[in-house]
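Novice:
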Amino acid sequence: ETGVTQTPRHLVMGMTNKKSLKCEQHLGHNAMYWYKQSAKKPLELMFVYNFKEQTENNSVPSRFSPECPNSSHLFLHLHTLQPEDSALYLCASSQDGSLAQYFGPGTRLTVL
Amino acid sequence: AQKVTQAQTEISVVEKEDVTLDCVYETRDTTYYLFWYKQPPSGELVFLIRRNSFDEQNEISGRYSWNFQKSTSSFNFTITASQVVDSAVYFCARAKNAGNNRKLIWGLGTSLAVNP
């Protein structure tokens, strides 16, 4: 595997379900990010982890719970989501410093 | 808010035409970085370029070129001799300040359709 991978690519869940999104980066980066992409809106930064420590939480509702066990893996645990949470969830990584963020293919989430 | 504006929501061209995607940004920072990303239908955002605000030299990479005009706060992207594979949504973004690339301010994107 190369770059940034995300699983699953598509997820449909009910409002009472609990699911997790997984992201893995194979680039040796130390920072990882979760973004939400909704139609007609700018990309929304949700969480940032740097060396496994959370450095950013952009007022994300507690029904989204991130986990970063090491610099290569990032999870987003989902529970009791709302239909408006349906979106494309993108994971990215970067090397500390002024370098670009590299993105995974995203998970298309639909909440029924 | 210091936003990034991509005024063109959708552009449609015929293959081999040149096309320019506009990006205008607002900032009070003296140093910052600018980016362009491509998002094909597969969904993955692909990094294209990063530009330091100190460097106003235009850049060319194959059929892609970028025109950075600090005086007008613009960072436009031109595709020469467009191809069908160039069809994608293109995003312009700015790093909030030069030392913190973790927070990017994104435009809404320009959807480019290149027709055969």
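For the protein sequence lines, the chains are A and B, in the order given.
Under the working numbering, the first residue of the first sequence carries the number 3, and numbering increases by one thereafter.
Under the working numbering, the first residue of the second sequence carries the number 3, and numbering increases by one thereafter.
Yeah, the Cβ is synthetic: ideal placement off N, Cα and C, and Gly gets one too.
Give me whichever residues DSSP pairs with Asn118 (chain A) in a beta bridge.
Specialist: Not covered by the structure: residue 118 (chain A). The range shown for chain A is 3 to 114.
Novice: Leaving out five residues on either side along the sequence, give the residues of the same chain with a beta carbon under 8 Å from the beta carbon of Gln84 (chain A).
Specialist: Position 82 of the first sequence, counted from the first residue, corresponds to residue 84 (chain A). Excluding positions up to five away in sequence, the list reads Met17, Arg65, Val113.
Novice: Within a Cβ cutoff of 6 Å, which residues of the same chain sit near Gln103 (chain A), ignoring the five residues on either side of it in sequence?
Specialist: On the first sequence, position 101 is the one that residue 103 (chain A) refers to. Once the five neighbours on either side are set aside, the close Cβ partners of Gln103 (chain A) are Ala94, Ser96.
Novice: What do you get for Arg11 (chain A), buried or exposed, if any count of 16 or more other CB atoms within 10 angstroms of its CB means buried?
Specialist: Within the first sequence, numbered from 1, the residue matching residue 11 (chain A) stands at position 9. It is exposed - the Cβ of Arg11 (chain A) has fewer than 16 other Cβ atoms within 10 Å.
Novice: Residues of chain A with CB under 9 Å from Phe49 (chain B), in chain order?
Specialist: For the purposes of this step, residue 49 (chain B) is identified with residue 47 of the second sequence, where counting begins at 1. Near Phe49 (chain B) (Cβ distances below 9 Å), the residues of chain A are Ala102, Gln103, Tyr104, Phe105.
Novice: Can you check whether the C-beta of Pro85 (chain A) is within less than 8 Å of a C-beta belonging to chain B?
Specialist: Taking the first residue of the first sequence as position 1, residue 85 (chain A) is located at position 83. Taking Cβ atoms only, chain B never reaches closer than 8 Å to Pro85 (chain A), which makes this a no.
Novice: Check whether the stretch 87-97 of chain B touches the stretch 24-31 of chain A, taking contact to mean three or more Cβ pairs, one atom from each stretch, closer than 8 Å.
Specialist: Taking 8 Å as the limit for Cβ pairs, the verdict is that the stretch 24-31 of chain A does not touch the stretch 87-97 of chain B.
Novice: Determine the chain B residues that contact Pro68 (chain A) at a beta-carbon separation under 7 Å, and present them in chain order.
Specialist: Translated into the one-based positions of the first sequence, residue 68 (chain A) becomes position 66. Going along chain B, no residue has its Cβ under 7 Å from Pro68 (chain A), so there is no contact; the nearest lies around 14 Å.
Novice: Unbroken beta strand (DSSP E) runs of length 3 or more, entirely within the stretch 28-87 of chain A: which are they?
Specialist: Correct list: 33-39, 46-52, 55-59, 66-72, 75-81.
Novice: Would you say Glu17 (chain B) lies against chain A (beta-carbon separation less than 8 Å)?
Specialist: Taking the first residue of the second sequence as 1, we reach residue 17 (chain B) at position 15. Judged by the 8 Å Cβ criterion, Glu17 (chain B) is not in contact with chain A.
Novice: Contact check, Asn32 (chain A) vs Met48 (chain A) under 8 Å by CB: the rounded distance?
Specialist: The residue given as residue 32 (chain A) occupies position 30 in the first sequence. The residue given as residue 48 (chain A) occupies position 46 in the first sequence. Incorrect: roughly 18 Å between the Cβ atoms, too far for contact.
Novice: Between which two residues does the beta strand (DSSP E) carrying Leu114 (chain A) extend?
Specialist: For the purposes of this step, residue 114 (chain A) is taken as the residue at position 112 of the first sequence. Unbroken run through Leu114 (chain A): none, as it is neither H nor E.
Novice: Where does the unbroken beta strand (DSSP E) through Phe77 (chain B) begin, and where does it stop?
Specialist: Here the question's residue 77 (chain B) lines up with position 75 in the second sequence. Here the beta strand (DSSP E) through Phe77 (chain B) covers 76-81.
Novice: In this structure, how does DSSP classify Lys24 (chain A) when only helix, strand and coil are distinguished?
Specialist: Within the first sequence, residue 24 (chain A) is the residue found at index 22, counting from 1. Reduced to three states, the DSSP call for Lys24 (chain A) is strand.
Novice: Look at Trp36 (chain A) and Pro63 (chain A) and say whether their C-beta atoms are less than 8 Å apart.
Specialist: Counting from 1 along the first sequence, the entry for residue 36 (chain A) is found at position 34. Counting from 1 along the first sequence, the entry for residue 63 (chain A) is found at position 61. No, they are not a contact pair.
Novice: Please compile the residues from chain B whose C-beta is within a distance smaller than 8 Å of the C-beta of Pro71 (chain A).
Specialist: Here the question's residue 71 (chain A) lines up with position 69 in the first sequence. Correct list: empty, because the minimum Cβ distance to chain B is about 20 Å.
Novice: Okay, do the stretch 16-33 of chain B and the stretch 38-55 of chain A touch, 3+ Cβ pairs below 8 Å being the bar?
Specialist: No, because fewer than three Cβ pairs between the stretch 16-33 of chain B and the stretch 38-55 of chain A fall closer than 8 Å, the two stretches do not touch.
Novice: What does Trp108 (chain B) touch in chain A if you count any residue whose Cβ is under 7 Å from its own?
Specialist: Residue mapping note: residue 108 (chain B) aligns to position 106 of the second sequence, counting from 1. Within chain A, the residues near Trp108 (chain B) are Pro44, Leu45.
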